[in-house]
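To start, the structure under review is shown below, and the notes come after it.
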Amino acid sequence: MSATKPKTASSVDWDDLKDEFGFSTEEAKEVEQRTTTLLSEVRAHRLAEVRKRQKMTQTAVARTLGVTQGRISAIEKGAISRSEVETLAAYVAALGGQLKLVADFGDESLVLG
Numbered sequence: 001m002s003a004t005k006p007k008t009a010s011s012v013d014w015d016d017l018k019d020e021f022g023f024s025t026e027e028a029k030e031v032e033q034r035t036t037t038l039l040s041e042v043r044a045h046r047l048a049e050v051r052k053r054q055k056m057t058q059t060a061v062a063r064t065l066g067v068t069q070g071r072i073s074a075i076e077k078g079a080i081s082r083s084e085v086e087t088l089a090a091y092v093a094a095l096g097g098q099l100k101l102v103a104d105f106g107d108e109s110l111v112l113g
């Protein structure tokens with residue numbers, strides 16, 4: 001008798017799920033796009049958490065960057081253009097690599113993408 005481990009929720013493959021639930025190609029693309037959006041929003045929110053732990057306001061960060069407080073708010077909500085980073089990530093992927101974007105705060109690192 002072979003001892004195969006059943007898959008857990010953390011080890012289920014997306015391709016298997018698409019097949020199991022019968023997602024059409026369009027539905028699968030929509031799920032993938034929404035997943036990407038959600039991950040961007042979570043990462044952006046984590047940046048806001050770091051800002052708050054450092055006792056900085058959106059206004060202070062905006063002054064440092066030379067942008068409006070509203071722009072900082074948008075960034076922290078994930079409402080930013082990712083086209084340049086996505087282009088670079090696609091280029092790296094085409095070469096067989098994976099682009100990793102990490103913010104280093106000394107005592108804390110935050111993976112952004």
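Under the UniProt record's numbering, think of the first position of the sequence shown as 1, with each following residue one higher.
Where a beta carbon is used, it is the ideal one built from N, C-alpha and C, also for glycine.
Nothing here was measured: the structure is a model prediction, and the numbers come from that model.
Legend entry - Cα-Cα separation, E20 to E108: 39 Å
Inset, instruction - Per DSSP, which residues does L38 bridge with? Please list them. - result: According to DSSP, which records beta bridges pairwise, L38 is partnered with nothing at all.
Legend entry - For residue 136, three-class secondary structure by DSSP: A question about residue 136 goes unanswered here, because the residues of the chain that appear run from 1 up to 113.
Legend entry - Cβ shell of V61 (< 8 Å), same chain only, five flanking positions each side left out: R51, I72
Inset, instruction - Can you give me the start and stop residues for the beta strand (DSSP E) that residue 119 sits inside? - result: Residue 119 falls outside the range modelled here, since the chain spans only 1 to 113, and no answer is possible.
Inset, instruction - Leaving out five residues on either side along the sequence, give the residues of the same chain with a beta carbon under 6 Å from the beta carbon of G78. - result: S40, E41, A44
Legend entry - Cross-strand partners of A103 (DSSP beta bridge): L110
Inset, instruction - Count the other CB atoms, across all protein chains shown, that sit within 10 Å of the CB of E76; report buried if there are 16 or more and exposed otherwise. - result: buried
Inset, instruction - State the Cα-Cα distance for the pair T57 and G106, rounded to the nearest angstrom. - result: 20 Å
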